[in-house]
Amino acid sequence: MRLSTRVGIAVGCTVPLLVLACGGLLLQLVSRDLRAADDQQLRRRAAAVAPDARALLRASADDRPKAADTRERRLFDAALDIGVRVTGPGAAFSGGPQPGPGVRLPASATGPVTVRDGARAWRALARPVRGRAVTGTLWVFAPDTASRARLTLVRRRVFATALLAAPLSGLLAWGVAAGASAPLRRLTRRTAGLDPRASSARPAHERTGVGEVDELAATLRTVLARYDEQAARTADALDTARSFASAAAHELRTPLMSMGTNLDILTGHPGLPAPDREEVLDDLRGEHARMLGLLVMLRELGRGDLVEAETFGRVDLAELADTAVAEARRRARDADITLDAAPGLTVHGWEPGLRLLLDNLLGNALAHGRDERGGARVRVGVHGDAGQVVVTVDDHGPGIPPQARQQVFERFRRGPDSAGSGLGLTLVAQQTELHRGSVTVTGRPDGPGARFEVRLPPHPGATPVRRDWLIGTAGPERSQSFPKEGP
């Protein structure tokens, strides 16, 4: 059903109800006004006949029958078309239209009240009658019609108006709604042929002057833009999933084959000497740890490629570095790790990613930054410089040759004796780019060793449009290595 038809039906049903409601209110007001007028007339009649009622009670009390008859006739003549009832000590007089004697009257009535005699209603008003040596009560009655004929006429006119308003208001509303919805029909025609899956065409921005239609068009464009964004994210997620499977399959092939060979040795030579058996088991443990580390790193790369800007927030980098250093000290109890962090240095970033960056820098320093005696001394610094937050990690190892300092961040780049996945520093580079920062590696300023320096802006702005650190693992870079030892 079209919108204009719905509006016409809704108005055609609503207007008669409003007319009836207003008519009902009008009837109540008219009825109240008419009743007030009748009550006022009843009060005037009661005031007019009160002297005759007093004289009637006095004549009755003085035992003058003829005078009482005369006063009674005068009382009823003055009452005209209303009922009158006079009660006193030992006497009661009534005449005119009024409820039956069996109807109970209120003990006291300061104003007009309604009493019922079967199905008929009466308006009754009581007035005390006091005089010399006499007391009593004067009741006056009038039928509670409240000008029923006039109310019936008003009621009929209200119903006639409601019946006439239904079709007229419905047709008028339909015409107005049809004209008002013309821009909406044009928008429908413009968008009917759009297929976001097959075409990138979007409805042009054309103001119609109708606020709701313009808002709907803007909402439609927003929805389509979100669809395009979600479609791109879905495509990226699929690419990431495929790359994860490809990289995992390629990189796990060698350790799995090595593990298979070692298992064959164990099962094929049950009498293998204990030293040889222990060597094979050590190889198996090493390959297992390598595979587990590789899967963890690939998972973290995938998370970094798919993280959304909504997850970014204020991160206290000094506090985060303190937590990372404490964890590193727990893992490597023989290492000497110090932290020099200025308090209150915050960046707008993804906290899990920044923690991953710090953990991998520390892990790299502990794995490759040991001195000739095998000792590990690592110094971590967090300070501000030129409006940026700078994180430095220094070790006392052999350092990295200048020609290899850019290659250390490549995927699967491992040293000849490294048991890692080759993705630790790749994760550092990924998170640095995600936060619109920079990472460099140099020699330690005050002696042998390497320094990794990460510079992060406090407000990185939007995340990179294209993030393919994991997707790129499906490229030609595979298990390359370089000598991490110094020249």
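Quick note on the working numbering: the sequence shown kicks off at 672 and runs consecutively. Ideal Cβ placement from N, Cα and C applies to all residues, glycine included.
Pick from Gly-1095, Arg-821 and Asp-947 that is closest to Asn-1035, judged by C-alpha positions: Numbered from its first residue, the sequence shown carries residue 1035 at position 364. Asn-1035 has its Cα closest to that of Gly-1095, out of Gly-1095, Arg-821 and Asp-947.
Identity of the residues DSSP links to Ser-1109 by a beta bridge: The residue given as residue 1109 occupies position 438 in the sequence shown. DSSP, once it has assigned bridges, lists Arg-1126 as partnering Ser-1109.
Around the Cβ of Asp-1117, are there at least 16 other Cβ atoms within 10 angstroms (buried) or fewer (exposed)? The residue you call residue 1117 lines up with position 446 of the sequence shown. Flag for Asp-1117 reads exposed.
Only counting the same chain, and skipping five residues up and downstream in sequence, which positions put a Cβ closer than 8 Å to that of Ala-778? Start at 1 with the first residue of the sequence shown, and residue 778 comes out as number 107. Cβ within range, chain order: n/a, list empty.
Tell me where the alpha helix (DSSP H) around Val-996 begins and ends. Looking up residue 996 in the sequence shown gives position 325. Here the alpha helix (DSSP H) through Val-996 covers 988-1002.
Just how far apart, CA to CA, sit Arg-744 and Gly-767? On the sequence shown, position 73 is the one that residue 744 refers to. On the sequence shown, position 96 is the one that residue 767 refers to. Their Cα atoms are separated by approximately 12 Å.
Under a Cβ-count criterion, where at least 16 other Cβ atoms within 10 Å of its own Cβ denotes burial, should Phe-1080 be classed as buried or exposed? Your numbering for residue 1080 matches position 409 in the sequence shown. Its Cβ being crowded by 16 or more others within 10 Å, Phe-1080 is buried.
Could you say which of Pro-1069, Arg-1107, Ala-844 and Phe-1123 lies nearest to Gln-1077 if we only look at CA atoms? Sequence index remark: in the sequence shown, residue 1077 carries index 406 (1-based). Of the listed residues, the one whose Cα sits closest to Gln-1077 is Phe-1123.
Thinking C-beta only, is Thr-1017 closer than 8 Å to Arg-985? Working through the sequence shown from its first residue, we reach residue 985 at position 314. Working through the sequence shown from its first residue, we reach residue 1017 at position 346. Contact flag set, yes.
Spell out a yes or no on whether the segment 690-700 and the segment 713-720 are touching, meaning 3 or more CB-CB pairs, one atom from each, closer than 8 Å. no
Excluding five sequence neighbours on each side, which residues of the same chain lie with their C-beta closer than 6 Å to the C-beta of Val-1062? The residue you call residue 1062 lines up with position 391 of the sequence shown. Contacts found: Val-1053 and Val-1125.
Quick check: the Cα distance between Asp-723 and Val-701, rounded to an integer number of angstroms? Residue numbering aside, residue 723 sits at position 52 when the sequence shown is read from its first letter. Residue numbering aside, residue 701 sits at position 30 when the sequence shown is read from its first letter. Going by the C-alpha atoms only, they are around 34 Å apart.
Does Ala-1121 have its Cβ less than 8 Å from a Cβ in chain B? The chain labelled as chain B is not found in the depicted structure, where only one protein chain is given.
Are the beta-carbon atoms of Ala-1012 and Ala-989 separated by less than 8 Å? Your numbering for residue 1012 matches position 341 in the sequence shown. Your numbering for residue 989 matches position 318 in the sequence shown. For Ala-1012 and Ala-989, yes; Cβs fall inside 8 Å.
Would a C-beta distance cut-off of 8 Å place Ala-999 and Leu-1037 closer than the cut-off? Position 328 of the sequence shown holds residue 999. Position 366 of the sequence shown holds residue 1037. In contact: Ala-999 and Leu-1037 (Cβ atoms closer than 8 Å).
Can you list, in chain order, the residues of its chain whose CB lies under 6 Å from that of Leu-834, leaving out five sequence neighbours each side? Along the sequence shown, read from residue 1 onward, the residue named residue 834 stands at position 163. Nothing meets the Cβ criterion.
For the beta strand (DSSP E) that Gly-802 lies in, which residues bound it at each end? As a first step, residue 802 is located in the sequence shown; it is residue number 131 there, counting from the start. From DSSP, the beta strand (DSSP E) with Gly-802 extends over 791-802.
CA-to-CA distance, Leu-1032 to Arg-1050, given in whole angstroms: In the sequence shown, residue 1050 corresponds to position 379, counting from 1. In the sequence shown, residue 1032 corresponds to position 361, counting from 1. The alpha-carbon atoms of Arg-1050 and Leu-1032 are separated by roughly 11 Å.
Ordered along the chain, which non-local residues of its own chain (more than five positions away) have a Cβ less than 7 Å from that of Arg-826? Stepping through the sequence shown from its first residue, residue 826 is reached at position 155. Leu-698, listed in sequence order.
According to DSSP, is Ala-778 part of a helix, a strand, or is it coil? Position 107 of the sequence shown, counted from the start, is the residue given in the question as residue 778. Coil.
Under a three-way DSSP split, which group does Arg-985 fall into? Position 314 of the sequence shown, counting from 1, holds the residue named residue 985. Strand, per DSSP.
Whose CA, out of Ser-840, Leu-955, Ile-936 and Arg-725, lies closest to the CA of Ile-680? Translated into positions along the sequence shown, residue 680 becomes position 9. Taking only the C-alpha atoms, the option nearest Ile-680 is Ser-840.
Could you tell me how far apart the beta carbons of Gly-1068 and Gly-1120 are, in whole angstroms, since I believe they sit closer than 8 Å? Taking the sequence shown and counting its residues from 1, the one referred to as residue 1068 is at position 397. Taking the sequence shown and counting its residues from 1, the one referred to as residue 1120 is at position 449. Right, their Cβ atoms sit about 5 Å apart.
According to DSSP, residues forming a beta bridge with Gln-901: Reading the sequence shown from its first residue, position 230 is the one you call residue 901. Per DSSP, none; premise fails for Gln-901.
Should Glu-958 go down as buried or exposed, given a rule of 16 or more other Cβ atoms within 10 Å for buried? As a working note, residue 958 is residue 287 in the sequence shown. Under this definition Glu-958 is a buried residue.
Are there 16 or more other CB atoms within 10 angstroms of the CB of His-1039, so buried, or fewer, so exposed? Counting from 1 along the sequence shown, the entry for residue 1039 is found at position 368. Counting Cβ neighbours within 10 Å, His-1039 comes out buried, since at least 16 surround it.
Thr-893 versus Asp-899 - alpha carbon distance: Translated into positions along the sequence shown, residue 893 becomes position 222. Translated into positions along the sequence shown, residue 899 becomes position 228. Between Thr-893 and Asp-899, the C-alpha separation is close to 10 Å.
Going by alpha carbons, who is nearest to Pro-772 out of Ala-1003, Trp-810, Gly-802 and Asp-709? Indexing the sequence shown from 1 puts residue 772 at position 101. Minimum Cα distance to Pro-772 is reached at Trp-810.
Span separating the alpha-carbon of Pro-1073 from that of Val-1112: Start at 1 with the first residue of the sequence shown, and residue 1073 comes out as number 402. Start at 1 with the first residue of the sequence shown, and residue 1112 comes out as number 441. About 9 Å.
DSSP state of Gly-942 mapped onto helix, strand, coil: Taking the first residue of the sequence shown as position 1, residue 942 is located at position 271. Coil, per DSSP.
Using the beta-carbon count (16 or more within 10 Å), is Asp-1030 buried or exposed? As a position in the sequence shown, residue 1030 is number 359, starting the count at 1. Buried, since its Cβ has 16 or more Cβ neighbours within 10 Å.
Limits of the unbroken beta strand (DSSP E) element including His-1019: Along the sequence shown, one-based indexing puts residue 1019 at 348. Here the beta strand (DSSP E) through His-1019 covers 1017-1020.
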